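S.K.: Below: one structure in structure tokens.
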Amino acid sequence: MGDPMKWVKKDPEKENVFWPTEAAKARAWVSDESIYAEAKADPVAFWEKYAKEIHWFKRWDKAYEFAPEAYKWFVGGKLNLSYNCLDRQIDAGNGDRIALIWEPEPVEEEAISLTYKELHRLVSKFSNVLKGLGVTKGDRIGIYMPMIPEAVIAMQACARIGAVHSVVFSAFSPDSLRDRMVDAGAKVVITADGYYRRGKAIDLKKNADTGVEGTPVEKVVVVKRLDKSTPMTPGRDLWYHELMDGASESHQAEEMDSEDLLFLLYTSGTTGKPKGIMHTTGGYAVQSYLTAKWNFDLHEGDIYWCTADVGWITGHTYINYAPLLNGVTSLLYEGSPDAPDYGRMWAIIEKHKVTQLYTAPTAIRMFLKWGNEWPKKYDLSSLRLLGTVGEPINVDAWMWYFEVIGGGRCPVIDTWWQTETGANMVNNLPGIGPFIPTVAGRTFPGVHGEILDAGGSVLAPGEGGYLAIFSPFPPALTRGIYGDMERFKAQYFTEYGPERYFTSDGARMDETGNTRITGRVDDVMNVAGHRLATAEVESALAQNNKVSEVAVVSRPHDLKGEVPIAFVLLKGGVDHSDEIRKELMGTVNQVIGPTGRPDKIIFVDDVPKTRSGKIMRRVLKALVRDEPVGDLTTLQNPESVDQLKSLVDYKGG
Ligand code: PRX
């Protein structure tokens with residue numbers, strides 16, 4: 264490989280501040296500061312301008328319409344997202360480019376590359392399969408799949424026929440699948456017999472079987488990934504490959520209204536019940552397309568790798584839709600970064616000459632811990648740009664990523680956004696900068712964010728408050744919570760009214776608009792980049808009949824960012840033991856999946872409560888963080904705190 268381009272230069276005056284070089288500016292899609300002012304002057308016109316870069320069967324009549332909790336984008340416009348990802352690329356002469364590279368976990372297995380034409384053919388066939396199963400526009404379809412190309416094919420086919428996909432992370436439990444399928448009223452689930460993880464074949468079908476029991480699901484389509492037999496339920500289960508064999512390759516993408524529902528994605532709120540975040544077609548397509556293009560500097564020939572799972576919003580937008588909207592190659596890796604050894608990430612980058620890498624701070628901290636010798640073994644000079652997402656990044660992790668992985672050449676684009684926002688919202692642009700550890704950056708052009716105090720006043724630069732997003736809302740912002748618009752209003756538009764979306768994130772902004780995100784201000788945790796409510800873990804533990812009371816709080820963790828700590832009061836007659844602790848971990852596994860497991864379960868005789876009997880989580884949170892517990896005068900049982908102090912004694916991490 265030739266001499267790789269140097270994208271960044273150091274600020275001559277400030278430490279740890281970096282700027283794009285002239286060469287980088289020449290290459291980037293936007294490098295002129297004026298883009299911010301232009302977008303700010305007329306954000307609706309800004310989005311309209313770039314919306315014209317994608318394909319519409321019919322252009323919109325009105326770009327933005329606002330009503331409380333019912334804002335709309337590209338009203339009257341007709342388009343199809345999958346058509347935009349596939350047919351549009353073929354029509355533009357890009358059909359022979361590689362759309363997807365799939366890297367299986369077992370190293371002895373060959374990687375698979377699919378061109379845009381091949382992917383189009385498979386998606387068209389699977390669209391016909393779904394139609395053959397009676398799926399029509401608006402039907403909800405569950406996707407419970409590992410990281411295999413068929414996961415992308417399934418999502419694309421749903422978008423193509425206008426069915427609403429609801430992807431459930433493959434490591435989530437059968438109970439989680441069931442709850443989501445019931446809430447969504449899904450007719451069909453697409454799954455796989457299993458997948459490989461750390462060299463082991465994981466049986467996914469067994470979980471799918473349990474998870475669809477007691478749901479409206481009538482058909483289960485199963486992709487064969489493993490070399491072993493899987494029990495199939497007659498009349499319900501169908502093999503993907505058998506259905507595909509007989510399916511026609513010809514399929515006309517459905518004309519969707521800009522505001523037609525595209526997908527649901529369940530995410531944690533502050534209660535025990537995850538909420539089905541709704542995303543619609545036009546606005547999501549436009550913002551996904553433009554943010555990926557500008558933020559990751561996507562150009563013809565790029566091999567772009569986002570390491571998220573397709574089960575999260577990052578996978579939806581930045582593995583599947585956005586790279587394909589931009590005609591680049593999206594890399595999909597099946598397995599774990601430590602299989603067969605700690606060098607796998609870097610081996611994949613070298614092998615496929617990856618140009619952009621987009622990953623999470625938790626992963627970066629883990630790679631850092633594994634040591635520099637692993638990345639040093641490989642040629643990473645193909646990398647041009649690095650991205651991070653999902654949680655606040657610490658200086659050490661940022662600098663390691665920048666220096667060791669990016670060779671000090673590549674910008675680190677720290678993107679803040681949420682399941683609800685659908686696409687990137689706050690980050691600095693690679694052609695404009697600056698790139699500063701722990702600072703995500705400015706709001707993307709056309710997005711208006713401010714830091715507010717609790718009363719809704721805009722705070723002065725440097726003051727800590729809450730990040731809010733102002734109307735005109737960015738096109739990809741969620742349109743609601745499926746089946747619960749009251750909760751939608753209460754969660755996002757009560758704090759600051761209908762014209763300011765409440766993000767639930769704390770932040771501060773400097774005079775130039777550069778924003779540092781400090782983390783959630785509600786009871787939502789970020790555990791190894793996975794979003795999880797303390798209430799979800801509580802309600803999972805409460806399902807064990809030996810538990811009398813439970814309270815869960817989060818505690819910072821060096822590697823995972825945050826972890827849940829559970830305080831458990833057992834029922835009378837049940838003694839504390841490691842056995843019970845194991846059993847409770849098993850309960851969480853069953854209800855949520857391994858992502859919900861507490862870092863520690865502390866058995867207590869009493870938990871601090873107010874006089875009205877409410878558990879004081881504030882006190883528990885202070886205890887596990889080794890912080891002052893504050894005023895205890897309103898407690899019904901202040902003596903409980905002393906006992907807890909001795910039990911917590913927890914400085915691990
Ligand atoms: O707290 C913020 C954090 O992740 C939350 C959203 O989680 P989720 O919906 O699962 O989406 C994650 C991927 C988009 C936010 O409320 N978060 C996300 N990105 C960042 C971040 N915190 C700090 N810096 C980020 N770049």
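Quick note on our numbering: the sequence shown kicks off at 264 and runs consecutively.
Think of the CB as a built atom: it goes at the ideal place given N, C-alpha and C, for glycine as much as any other residue.
Computed from a predicted structure; not experimentally measured.
1. With burial defined as no fewer than 16 other Cβ atoms inside 10 Å of the residue's Cβ, what is the status of SER767: buried or exposed?
2. Do you know how far the Cα of LEU649 is from the Cα of LEU377?
3. Could you give the uninterrupted runs of the alpha helix (DSSP H) lying entirely in the segment 782 to 826, keeping only those of 4 residues or more?
4. Report the rounded CA-to-CA distance for THR533 versus ALA602, giving the unit in angstroms.
5. In whole angstroms, what separates the C-alpha of ALA626 from that of ILE656?
6. Going along the chain, which unbroken runs of the alpha helix (DSSP H) with 4 or more residues stay wholly within the segment 606 to 662?
7. Is the distance from the Cβ of SER551 to the Cβ of ALA362 below 8 Å?
8. Comparing C-alpha positions only, which one of ALA805, ILE699, ILE411 sits nearest to ILE780?
9. Quick check: is any heavy atom of the ligand PRX less than 7 Å from the C-beta of ALA286?
10. In chain order, which continuous runs of the alpha helix (DSSP H) of length 4 or greater are located wholly inside the segment 559 to 586?
11. Give the straight-line distance between the Cα atoms of GLY915 and VAL370, rounded to the nearest whole angstrom.
12. Of the residues TYR755, GLY727, PHE329, GLU812, which one's Cα is nearest the Cα of ASP773?
13. Mind checking ASP677: buried by the 16 CB within 10 Å criterion, or exposed?
14. Using DSSP's beta-bridge definition, name the partner residues of ALA829.
15. Which partner residues does PRO283 have in the DSSP bridge list?
16. Within this structure, are the beta carbons of ARG705 and VAL689 separated by less than 8 Å?
17. Within the same chain, show all residues whose beta-carbon is closer than 7 Å to that of THR897, passing over the 5 residues directly before and after it, in chain order.
18. Please classify THR706: does DSSP put it in a helix, a strand, or coil?
19. Please confirm whether any heavy atom of the ligand PRX lies closer than 7 Å to the CB of THR678.
20. Would you mind stating whether LEU886 and VAL867 have Cβ atoms separated by less than 8 Å?
21. Buried or exposed: GLU563, going by 16 or more other Cβ atoms within 10 Å of its Cβ?
22. Along the chain, where does the alpha helix (DSSP H) containing THR473 start, and where does it finish?
23. Can you name, in chain order, every residue of its own chain whose Cβ lies under 7 Å from the Cβ of SER903, other than the five neighbours on each side?
24. Closer than 7 Å to a non-hydrogen atom of the ligand PRX - does that hold for the CB of ALA703?
25. Over what stretch of residues does the beta strand (DSSP E) that includes SER903 continue unbroken?
26. Quick check on this structure: which residue in THR775, GLY792, ILE353 has the alpha carbon closest to the alpha carbon of ALA300?
27. In whole angstroms, give me the CA-to-CA distance for HIS820 and PRO638.
28. For the ligand PRX, is there a heavy atom less than 7 Å away from the beta-carbon of VAL575?
M.R.: Inspection of the coordinates gives the following:
1. Taking the sequence shown and counting its residues from 1, one reaches residue 767 at position 504. Label assigned to SER767: buried.
2. On the sequence shown, position 114 is the one that residue 377 refers to. On the sequence shown, position 386 is the one that residue 649 refers to. Approximately 24 Å, taken between the alpha carbons.
3. 797 to 805
4. Position 270 of the sequence shown, counted from the first residue, corresponds to residue 533. Position 339 of the sequence shown, counted from the first residue, corresponds to residue 602. Here the alpha carbons of ALA602 and THR533 stand approximately 35 Å from one another.
5. One-based indexing of the sequence shown puts residue 626 at position 363. One-based indexing of the sequence shown puts residue 656 at position 393. Distance between the alpha carbons of ALA626 and ILE656 is about 11 Å.
6. 607 to 615, 624 to 633, 636 to 639
7. Position 288 of the sequence shown, counting from 1, holds the residue named residue 551. Position 99 of the sequence shown, counting from 1, holds the residue named residue 362. Their beta carbons are not under 8 Å apart, which means SER551 does not touch ALA362 by this criterion.
8. By one-based count along the sequence shown, residue 780 stands at place 517. Nearest C-alpha to ILE780: ILE699.
9. Counting from 1 along the sequence shown, the entry for residue 286 is found at position 23. Checking every heavy atom of the ligand PRX against the Cβ of ALA286, none is found closer than 7 Å.
10. none
11. As a working note, residue 915 is residue 652 in the sequence shown. As a working note, residue 370 is residue 107 in the sequence shown. For GLY915, the pLDDT reaches just 43, beneath the cut-off of 50, and the residue's location in the model is therefore unreliable, leaving the point undetermined.
12. By 1-based counting over the sequence shown, the position of residue 773 is 510. The option with the nearest alpha carbon to ASP773 is GLY727.
13. Start at 1 with the first residue of the sequence shown, and residue 677 comes out as number 414. Around the beta carbon of ASP677, 16 or more other beta carbons sit within 10 angstroms, so the residue counts as buried.
14. As a working note, residue 829 is residue 566 in the sequence shown. In the DSSP output, where bridge partners are listed per residue, ALA829 has VAL815, ILE864.
15. Within the sequence shown, the letter at position 20 stands for residue 283. Answer is VAL271.
16. What you label residue 705 is simply residue 442 of the sequence shown in a count that begins at 1. What you label residue 689 is simply residue 426 of the sequence shown in a count that begins at 1. Taking 8 Å as the Cβ cut-off, ARG705 and VAL689 qualify as a contacting pair.
17. Within the sequence shown, residue 897 is the residue found at index 634, counting from 1. Taken in chain order, the residues that qualify are THR873, ARG874.
18. Translated into positions along the sequence shown, residue 706 becomes position 443. Look at THR706 here: in three-state DSSP terms it is strand.
19. Locating residue 678 in the sequence shown gives position 415, where the first residue counts as 1. Yes, the beta carbon of THR678 sits closer than 7 Å to at least one heavy atom of the ligand PRX.
20. As a working note, residue 886 is residue 623 in the sequence shown. As a working note, residue 867 is residue 604 in the sequence shown. The beta carbons of LEU886 and VAL867 sit no closer together than 8 Å.
21. One-based indexing of the sequence shown puts residue 563 at position 300. GLU563 should be labelled exposed.
22. Here residue 473 is taken as the residue at index 210 of the sequence shown, counted from 1. From DSSP, the alpha helix (DSSP H) with THR473 extends over 468 to 475.
23. Numbered from 1 along the sequence shown, position 640 holds the residue referred to as residue 903. Once the five neighbours on either side are set aside, the close Cβ partners of SER903 are ASP869, VAL870, PRO871.
24. As a first step, residue 703 must be located in the sequence shown, where it is residue number 440. For the ligand PRX, at least one heavy atom lies less than 7 Å from the Cβ of ALA703.
25. As a working mapping, residue 903 is identified with position 640 in the sequence shown. Where SER903 is concerned, there is no enclosing beta strand (DSSP E), although the alpha helix (DSSP H) it sits in stretches over 902 to 911.
26. As a first step, residue 300 must be located in the sequence shown, where it is residue number 37. Comparing alpha-carbon positions, the option among THR775, GLY792, ILE353 lying closest to ALA300 turns out to be THR775.
27. Within the sequence shown, residue 820 is the residue found at index 557, counting from 1. Within the sequence shown, residue 638 is the residue found at index 375, counting from 1. Each residue's alpha carbon lies about 24 Å from the other.
28. Counting from one through the sequence shown, the residue named residue 575 turns up at place 312. Inspection of the sequence shows that residue 575 is occupied by Trp rather than by Val. Short note on TRP575: C-beta closer than 7 Å to some heavy atom of the ligand PRX.
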